[in-house]
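At position 494 of the sequence shown (counting the first as 1) the number is 848 in my numbering, and the numbers step up by one without a gap. All C-beta atoms in this analysis are idealised placements derived from N, C-alpha and C, irrespective of residue type, glycine included. Presented below is the structure to which this report refers.
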Amino acid sequence: MAPFDLSDLPPIYISATHFEEQELHRFEGQLLRAGANLTYFVTEAQIVLSKAEKKKRAAYDLRLKGLWTEDFRDPGEVRGHNEVNASAISDNKEPPRKRMKRIHDDSTIAVVKIRWFIDSRKANKVLPIENYIVYRGLRIDRSAASALNPPSSPPNDASTILERARADVVGSNNGLTNRRASTSKQRPRFNWQVSGEDIQLPDWVQDGCRYACQRCSPKDSPNSAFIALLTEIRLVRELTNDAVGVRAYSTSIASLASCPFRISQSKTILALPGCDAKIATLMKEWNDTGQIGLLEEYAQDQNLQILKLFHNIWGVGTNTAREFLYKRGWRDLENVVEFGWESLTRVQQIGVKYYEEFLEPIPRSEVKYISSVIQRHAIRVRDANIQLLTVGGYRRGKETCGDVDVIVSHPEEEKTLGLIPLLVFSLEEEGWITHTLTFSSANSTRDQQTLPLRSSPGGHGFDTLDKAFVVWKDIAKSSGPHRRVDIIVSPWKTVGCAVVGWTGDTTFERDLRRYAKDVKGWKFDSSGVRDRRNGQCVDIEGYFGYGGEIGQGPAMDMVQAEKRVFEGFGLAYREPSNRNTG
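Structure below.
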């Protein structure tokens with residue numbers, strides 16, 4: 355019996371609310387296999403599949419995602435005859451697309467219970483959707499609402515306001531605009547088939563390598579131009595709180611980055627892990643027109659540009675950027691300073707103060723010099739056996755960096771215990787550090803042990819290692835820009851894990867953690883490895899007894915320790931320049 359087909363339905367968006375991550379992955383995959391035209395942007399959807407059971411909750415959930423609606427009533431409905439109308443509309447002989455047009459156009463959106471898909475899958479046919487609708491809304495323009503109007507205030511000189519912001523911190527050392535989907539410019543939909551023709555595939559696809567840590571992702575990808583466009587779309591997903599879309603685009607970008615040849619066939623994309631008809635359609639559009647219409651629309655969206663502005667403030671994440679715009683009505687940095695300066699955290703104030711300087715790229719020569727200064731001071735407070743490795747984008751080969759990441763360690767464990775405050779104080783005393791943004795000695799507090807199994811760190815192992823995130827200023831250049839510098843201290847027994855955790859691009863690190871969990875049954879972070887079955891530390895680097903093929907005894911240097919981590923995972927070693935997953 356042929357599976358039921360959803361390809362004739364309008365774009366579908368999955369509301370991630372109340373979904374567990376793995377459950378969401380499975381549900382998304384089931385929809386894709388059924389031919390659903392999934393979108394990762396709620397304003398493009400006509401159907402939203404949701405766990406919401408109540409009308410008010412469904413409408414509220416749409417607002418949280420940046421889509422404002424009001425109750426929609428079909429002009430053709432007559433009181434007392436709704437059931438008759440619904441019955442007529444639900445005639446199974448009518449094609450699904452036609453039925454949907456009877457109750458929808460591009461100005462409306464329907465929130466539908468996920469039970470509709472589950473029941474349709476069981477019945478192996480597309481069931482009438484009407485009986486599963488929780489809420490049906492008419493899209494309205496949020497930009498007209500008063501909450502988006504900038505606060506009334508007398509004219510101010512922008513430079514004066516920003517100068518006041520700078521002066522305030524001196525000496526301190528401690529939705530997109532909703533719019534109806536265009537009916538005149540519908541983006542094309544393509545039904546790609548992988549079978550039927552020979553297509554060129556990378557070796558790692560044929561070998562079934564699911565994880566980004568199993569393959570090479572060079573700095574200069576043959577597909578870098580297309581990847582750059584997908585990266586812009588991913589940023590929009592991030593700014594609109596679309597975690598599912600961010601994850602999906604990250605996976606697609608990582609697959610494309612690992613492809614050793616320029617992809618010219620859209621059907622090749624469909625064979626790559628994490629790439630689906632959505633990505634193939636964008637590739638087709640780009641190949642045919644030289645642009646992606648979606649990005650052209652985003653470029654015209656004023657609210658999106660404002661969100662990008664706020665998101666670039668150090669210390670401001672997606673939720674805060676959206677709060678600045680949608681709750682407080684701020685439209686630029688001047689509004690932030692004039693109306694909300696006292697409500698900002700100290701880190702955010704510093705982020706506004708040095709906004710333009712933090713966005714200025716750091717050349718490799720300057721990264722190298724900053725690292726050498728930190729190493730000199732680390733040796734000063736300890737001894738000449740201190741080792742330092744510059745990681746992050748610099749180690750992956752980037753020509754410029756957004757910040758400087760360095761790992762400091764020492765072969766003797768007691769020499770890294772309590773090192774971070776001494777090192778920061780030494781650099782402050784000489785004038786290199788002007789502000790300390792974040793400081794943690796949590797690893798020294800727990801006697802430099804690997805993070806417990808049940809803890810839940812985020813990002814590059816936050817709170818797993820001793821660290822200081824600081825604002826840096828070259829003492830020899832009074833007019834030079836301020837830089838962001840991250841100093842991480844790791845004990846030698848797990849320094850390889852720290853190097854691995856702070857070198858790879860985001861998706862490489864995400865997939866390495868997934869690989870550790872799925873394949874080895876381990877938990878991996880920058881402070882080390884633990885066995886999920888018993889909570890015991892895994893001496894993956896052979897600090898207490900090494901029997902591998904990379905040297906003897908404890909590692910001689912950080913790179914050797916890093917190679918042992920790959921060896922312990924059963925993975926081929928990837929040079930840092932091949933961990934650029936985008």
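DSSP-derived helix/strand/coil call for residue i
i, result
"residue 656", "helix"
"residue 854", "helix"
"residue 567", "helix"
"residue 741", "strand"
"residue 383", "helix"
"residue 589", "helix"
"residue 750", "coil"
"residue 759", "strand"
"residue 960", "With the chain running from 355 to 936 in the structure shown, residue 960 is simply not present."
"residue 538", "Residue placement at residue 538 is poorly supported in this model, since its pLDDT is 34, which falls under 50; the coordinates are not used for a value here."
"residue 709", "helix"
"residue 772", "coil"
"residue 815", "In this predicted model, residue 815 has a pLDDT of only 45, less than 50, meaning its place in the structure is not dependable enough to derive any value."
"residue 638", "helix"
"residue 486", "helix"
"residue 717", "strand"
"residue 403", "strand"
"residue 525", "Only weak support exists for where residue 525 lies, its pLDDT of 42 falling under 50; the value from the coordinates is given anyway. Residue 525: coil per DSSP, three-state reduction."
"residue 425", "strand"
"residue 315", "The question about residue 315 has no answer here: the residues shown for the chain are numbered 355 through 936."
"residue 923", "helix"
"residue 650", "helix"
"residue 665", "helix"
Contact set for residue i: own chain, Cβ-Cβ below 7 angstroms, skip 5 residues either direction
i, result
"residue 665", "593, 672 and 675"
"residue 925", "567 and 568"
"residue 887", "875"
"residue 690", "678, 684 and 706"
"residue 819", "797, 842, 843, 844, 852, 880 and 881"
"residue 949", "Given that the chain is displayed from residue 355 to residue 936, the structure contains no residue 949 and the question cannot be resolved."
"residue 654", "none"
"residue 492", "423, 424, 426, 461 and 462"
Length of the line joining the Cα atoms of residue i and residue j
i, j, result
"residue 893", "residue 858", "21 angstroms"
"residue 985", "residue 659", "There is no way to answer for residue 985, as the model of the chain reaches only from 355 to 936."
"residue 732", "residue 762", "8 angstroms"
"residue 855", "residue 610", "22 angstroms"
"residue 360", "residue 478", "11 angstroms"
"residue 789", "residue 910", "34 angstroms"
"residue 369", "residue 415", "8 angstroms"
"residue 648", "residue 392", "15 angstroms"
"residue 760", "residue 366", "44 angstroms"
"residue 871", "residue 884", "10 angstroms"
"residue 937", "residue 599", "The structure shown does not extend to residue 937, since the chain spans only 355 to 936, so no value can be given for it."
"residue 823", "residue 494", "43 angstroms"
"residue 729", "residue 696", "37 angstroms"
"residue 775", "residue 795", "8 angstroms"
"residue 557", "residue 869", "19 angstroms"
"residue 932", "residue 573", "7 angstroms"
Nearest neighbour of residue i, chosen from the options [CA to CA]
i, options, result
"residue 650", "584, 613, 696 and 391", "584"
"residue 717", "570, 753, 404 and 746", "753"
"residue 384", "395, 396 and 358", "358"
"residue 739", "483, 867, 883 and 764", "764"
"residue 602", "864, 873, 869 and 933", "864"
"residue 663", "700, 654 and 685", "685"
"residue 661", "631, 709, 589 and 482", "589"
"residue 930", "921, 922, 918 and 913", "913"
"residue 834", "710, 920 and 481", "710"
"residue 669", "868, 745, 702 and 467", "702"
"residue 634", "581, 657, 600 and 614", "581"
"residue 802", "830, 791 and 771", "771"
"residue 667", "928, 838 and 846", "838"
"residue 362", "374, 372 and 390", "390"
"residue 831", "724, 562 and 412", "724"
Beta-carbon contacts of residue i that lie in its chain and below 6 angstroms, excluding the five residues immediately before and after
i, result
"residue 464", "401, 487 and 490"
"residue 715", "754"
"residue 849", "763, 912 and 915"
"residue 708", "836"
"residue 922", "894"
Same chain only: Cβ atoms within 8 angstroms of residue i, ignoring 5 sequence neighbours per side
i, result
"residue 727", "781 and 786"
"residue 734", "780"
"residue 784", "731 and 829"
Cβ of residue i within 9 angstroms of any chain C Cβ
i, result
"residue 635", "The structure shown has no chain C; it contains just one protein chain."
Residue i beta carbon near the ligand GDP (any heavy atom closer than 8 angstroms)
i, result
"residue 600", "With respect to the ligand GDP, the structure shown offers nothing to examine, as it has no ligands at all."
Q | Completely contained beta strand (DSSP E) runs for the segment 823 to 876, where each covers 3 or more residues | A | 837 to 843
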